[in-house]
Every structure is written in structure tokens, then in C-alpha cells.
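Chemist:
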Amino acid sequence: MAVSAALSACGQGDAPADPTAEVARKAAPRPAAELAASETGEVTPNAERIATIGLLNKRNNITRDLVIKVGDRQQVGNVFVRVQSCERTAPWEMPAETGAFVQFFVEEPPRPGADKIWRKVFSGWLFKNSPTLNVVEHPIYDVWVKDCAMNFPGEEAKPASAASSSSAPKASGSVTPSPASAPLPSPAPRPVDTPAGEPA
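Everything in the sequence shown is counted per the working numbering, starting at -16 for the first residue and increasing by one.
1. The beta strand (DSSP E) spanning E31 covers which residue range?
2. Excluding the 5 residues preceding and the 5 following P95 in the sequence, name in chain order all residues of the same chain whose CB lies nearer than 7 Å to its CB.
3. Output yes or no for whether 7 Å exceeds the beta carbon distance between T35 and D48.
4. Do the region 70 to 78 and the region 97 to 105 touch if we need at least three Cβ pairs shorter than 8 Å?
5. Taking only the alpha-carbon atoms, compute the straight-line gap between E31 and K52 and give it to the nearest angstrom.
6. Going by C-alpha distance, which of E138, M133 and G137 is nearest E70?
7. Could you spell out where the beta strand (DSSP E) holding K129 opens and where it closes?
8. Would you list the residues sitting across from L39 in a DSSP beta bridge?
9. How long is the line joining the alpha carbons of P162 and G137, rounded to whole angstroms?
10. Should G60 be counted as a contact of the ligand ATP given a C-beta to heavy atom distance under 6 Å?
11. Please report how far the alpha carbon of Q86 lies from the alpha carbon of R65, in whole angstroms.
12. With the cut-off set at 7 Å, would you say L109 and A83 are in Cβ contact?
13. For I51, which residues does DSSP report across the bridge?
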């Protein structure tokens, strides 16, 4: 008791146990979404976001843009794509990135008298600017993220259709070079003789 009375008399009874921990807690950076929501308004809730997903049929080279609200799914022929979440970095964050948690299913070839069987081909995050992080591996179809329509405080609303039209289709694992760094056309390849025993 005498010790606590002496400490309170010195004014040290109310001091934090570790002053450096308190300073570190106050100085720690907060996530951009938390910062934006707490200081300047609200970010679009996940349930109201709309993802634009590119779908390529490699057999006939037909590409489609699927505009899917988070939590919904869209079926095209014998495939369907479900979007569980989508995110993009705030306009002031660098590097800019857009991603979506996508589930991709393909209908198995039908068997006589059997119900449809959907096989899950992919389930995970896909990123627009980093397509090689997660790759959809399927011999016929490819899926990639084109946009996530969401707003940040102070940012003008951008419709999903305008955002998807500005993105060119891109296969998983491929990177589209910027116009400034596009390579010059290379000369045509020269024919090479092949040995008689090997197919040309």
C-alpha cells in the first residue's frame, strides 16, 4: 500500500506500463479501407460491388465479358462463374491492383441417365495486373479479372460497362505490354531444314 501511495504521489501511478508500445500503436499505419471509411466516408460495401470477368473459349476464340454482382453467378453454356468478393486499391495507393475471388465450374460431359455434374476448375483470387499469381488451368476455357466496380470516398462513380470496355482480354499468365514499351515487329522467321526422321 505504501508503494502505491508513493507512486501516486509522484504522478507515476497512471503512467502506461510500456510507453514505446503506446507510441507504436498510435503510429502504426491503418489499412486504406479503414482510413477512408473512418475519416472521409464509406467505401462501397462488398455486397454492392460488381466484378467484370473475362471468359475465353480457346476452341473457337470467343471472348465474353461477364458482369457479375458479388455473391452471384453467371452461366454461359456449360460453364459458370461465381464471384465471392472483389477489391481494388484506392486511387491514392500504388501500385494499382484489381482482384476478385472467383469460382469457376465446368459441366462434365453428360452420361446417359445421369444428372449434370459440375467440376470445380478454380477457386481463388485472380488479379488483373498479376495474372501469374493464380492461373486457371483448363484446356478449353480461360478466366481473368477485368474490373471491380466500387467507389472510394471523394471518387466519382464509374459504371461497370465503361470499365470493362477499356480492358482488353488477357489470357491467364500473359502480360500485355504498355504502348510505350511495345516491342518493334521482328523479321519473319527463316525456314529451317528438319531431319527426315522427325515430323515437321
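Built from N, CA and C at the ideal position, the CB exists for glycine as well.
This structure is a prediction, so every number in the text was calculated from the model and none was measured.
Modeler: Short version:
1. Premise fails: E31 is in no beta strand (DSSP E) and is neither H nor E.
2. Here the set comprises nothing.
3. In contact: T35 and D48 (Cβ atoms closer than 7 Å).
4. Taking 8 Å as the limit for Cβ pairs, the verdict is that the region 97 to 105 does not touch the region 70 to 78.
5. Across the structure, E31 and K52 are spaced so that their CA atoms are roughly 7 Å apart.
6. Checking every option, the nearest Cα to that of E70 belongs to M133.
7. That run of the beta strand (DSSP E) goes Y124 to A132.
8. T46 and D125, per the DSSP bridge assignment.
9. At P162 the pLDDT is 44, less than 50, meaning the model places this residue with poor confidence; the figure from the coordinates comes in the next sentence. Looking at the two C-alpha atoms, the distance is approximately 30 Å.
10. In the structure on display, the ligand ATP does not appear, and there are no ligands present to speak of.
11. Between the C-alpha atoms of Q86 and R65 there is a straight-line separation of about 5 Å.
12. Yes.
13. I51 is bridged by DSSP to A34.
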